[in-house]
Every structure is written in structure tokens, then in C-alpha cells.
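Throughout the sequence shown, residue numbering follows my numbering, covering 7 to 210 in sequence.
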Amino acid sequence: MPYKFTFDLSKVPRFFFTEIARISYNKRMHKTLFDTLQDIITKFRIQEATGLNLSDALVLLQDLIDLQAVNLVKRKEFLKTKKRALFLSHCSRKFMDSRCHASFDASIPSYTCAHCSQDCLISKADYLAREKGYDVYILPGGSCVPKILKTVQYEGIVGVACGEEVKIGGEILGSMNVAGQAIPLIKNGCANTVFSMDTLAKTI
Ligand code: SF4
Ligand code: SF4
Numbered sequence: 007m008p009y010k011f012t013f014d015l016s017k018v019p020r021f022f023f024t025e026i027a028r029i030s031y032n033k034r035m036h037k038t039l040f041d042t043l044q045d046i047i048t049k050f051r052i053q054e055a056t057g058l059n060l061s062d063a064l065v066l067l068q069d070l071i072d073l074q075a076v077n078l079v080k081r082k083e084f085l086k087t088k089k090r091a092l093f094l095s096h097c098s099r100k101f102m103d104s105r106c107h108a109s110f111d112a113s114i115p116s117y118t119c120a121h122c123s124q125d126c127l128i129s130k131a132d133y134l135a136r137e138k139g140y141d142v143y144i145l146p147g148g149s150c151v152p153k154i155l156k157t158v159q160y161e162g163i164v165g166v167a168c169g170e171e172v173k174i175g176g177e178i179l180g181s182m183n184v185a186g187q188a189i190p191l192i193k194n195g196c197a198n199t200v201f202s203m204d205t206l207a208k209t210i
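What follows is the structure in C-alpha cells.
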């Protein structure tokens with residue numbers, strides 16, 4: 007399920023994400039997280055940079071912090087895994103129409119990137135992950151996750167998607183005893199979405 011609002015964090019200062027990681031690490035010690043979130047939204051001028059109202063910005067920030075917290079908790083377990091896959095969301099393809107030359111195999115179900123555009127995020131992520139020994143899936147939706155995991159016994163999964171989809175995926179991985187690391191989109195909207203290649207490179 008997508009968010010009911012659209013966002014674009016690509017113009018937000020990089021330090022914002024470092025701050026999120028720091029807060030997530032300390033989250034258990036924060037009794038006044040709500041106040042902290044409001045402060046950080048003001049400090050980084052998130053409303054001005056994204057056009058979000060305060061309550062949507064709070065939802066987004068809370069999700070990002072929750073995801074970072076889960077990533078930290080699961081990191082050790084993930085690093086021990088050997089057989090891994092990268093799940094990418096199809097909405098980050100450069101083209102969402104016939105200009106994308108990826109083939110789709112409904113039996114998996116996944117797209118396979120044909121690398122038609124070197125500046126496509128999916129193409130770059132696909133190259134990077136395969137170089138590191140990952141299998142790569144480009145998924146049309148989170149419902150594909152259990153089907154793939156029932157077919158191939160992966161130990162670790164890195165998933166790139168919007169916060170809500172990543173949360174659903176995380177619950178599936180947890181129920182199937184697979185260690186996951188989540189990379190949330192920094193621009194949503196179900197087309198031309200964006201994730202951080204730096205974060206992906208550090209995570210895998
Ligand atoms: S590089 Fe891959 S994912 Fe991107 S548009 Fe081309 S075939 Fe599609
Ligand atoms: S933004 Fe992408 S990952 Fe999120 S619901 Fe839309 S298509 Fe799925």
C-alpha cells in the first residue's frame with residue numbers, strides 16, 4: 007500500500023539521515039520521541055523541503071526511524087547470512103512503459119533488467135548487487151515476496167521500497183525467519199521513485 011501522500015526527500019540535507027540513524031539507535035532511551043521528531047522536522051526544514059504538512063511529515067519520519075531501528079537490530083544476524091537477494095521495487099525504473107526493456111517472468115514473479123539505460127537506478131543497483139553475489143528481483147508488489155521465498159531458501163534479503171511496503175515485507179521476512187535490511191525510498195509516488203545508491207552500497 008502506498009502512502010496517502012507523496013514525498014521527495016532528495017533535497018533534504020544528508021545529515022538528516024544521519025540524525026535519523028542516531029535517533030533510532032537511541033530510540034529506546036527517548037520517552038519524548040514525539041517532541042524530538044517535531045524538533046528535527048523544524049531543524050531540517052522538512053516541511054519546506056517536501057511540502058508535507060506536519061502530521062504527514064511525522065508519519066514519514068516515524069516510519070523511517072522504525073525501519074532504521076529494525077535494521078540495526080537485524081544487522082548482526084544479516085551479516086552472518088550467505089545466500090542473499092536484493093528485492094527492488096519496479097517503480098524505481100527509469101521508464102515505466104515500453105521504453106523499459108526489462109522482461110517480466112510471471113512464474114517468479116519478477117522483472118529482469120536489460121540494462122537499456124545506464125543512468126537507471128535499477129540498472130545500477132542490479133549491477134552492484136550481482137557483483138556482490140546477490141540474486142536480484144525487481145518486484146511489481148510486496149505480494150511477490152512470499153512466493154519467491156517459498157521457492158528459494160534465502161537467508162538474507164535487502165529490500166528497497168516505500169516505508170509502508172517495506173514494513174509489510176519485514177513482517178513476511180520475520181514470519182519466515184529470514185534476516186532483512188530495509189532501504190526506504192527517499193522519493194515515493196509509485197513512478198520515478200528514488201532510493202539512495204550510497205545507502206544500498208553500504209547495506210549490501
Ligand atoms: S535499465 Fe533496466 S529497469 Fe531501467 S529502464 Fe532499462 S531495462 Fe528497465
Ligand atoms: S511507491 Fe513503489 S514500493 Fe511504494 S507502493 Fe508505490 S509502487 Fe509500491
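Virtual Cβ for every residue (Gly too), placed ideally from N, Cα, C.
| Item | Value |
| --- | --- |
| What ranges does the beta strand (DSSP E) occupy inside the stretch 76 to 119, keeping only unbroken runs of at least 3 residues that lie completely in it? | 90 to 95, 109 to 111, 116 to 118 |
| Suppose only complete runs of 4+ residues qualify. What are the alpha helix (DSSP H) ranges in the stretch 157 to 205, listed by chain order? | 169 to 181 |
| What first and last residue would you give for the beta strand (DSSP E) that runs through Tyr143? | 141 to 145 |
| Please name the residue in Met203, Gly175, Pro19 whose C-alpha comes closest to that of Gly147. | Gly175 |
| What is the rounded straight-line gap between the Cα of Phe13 and the Cα of Ala55? | 9 Å |
| Does the pairing of the stretch 113 to 124 with the stretch 196 to 204 give three or more beta-carbon distances under 8 Å? | no |
| Taking 6 Å as the limit, tell me which residues put their C-beta closer than that to any heavy atom of ligand 1, in chain order. | Arg99, Lys100, Phe101, Cys106, His107, Ala108, Cys119, Ala120, His121, Cys122, Ser123, Cys126, Ile128, Ser129 |
| Is Ser5 near ligand 2 - that is, is its Cβ less than 7 Å away from at least one heavy atom of it? | Outside the modelled stretch of the chain, which goes from 7 to 210, sits residue 5, for which no answer is possible. |
| For Ile163 and Asn183, what's the separation of their Cα atoms in angstroms? | 11 Å |
| So if DSSP puts Asp72 in a beta bridge, which residue, or which two residues, is it bridged to? | Looking at the DSSP assignment, Asp72 forms no beta bridge with any residue, so it has no partner. |
| Checking 8 Å against the spacing of the C-beta atoms, do Ser113 and Cys150 come in under that value? | no |
| Based on Cα-Cα distance, which residue from Ala167, Gly169, Lys173, Tyr140 lies nearest to Val158? | Tyr140 |
| Does any heavy atom of ligand 2 sit closer than 7 Å to the C-beta of Thr199? | yes |
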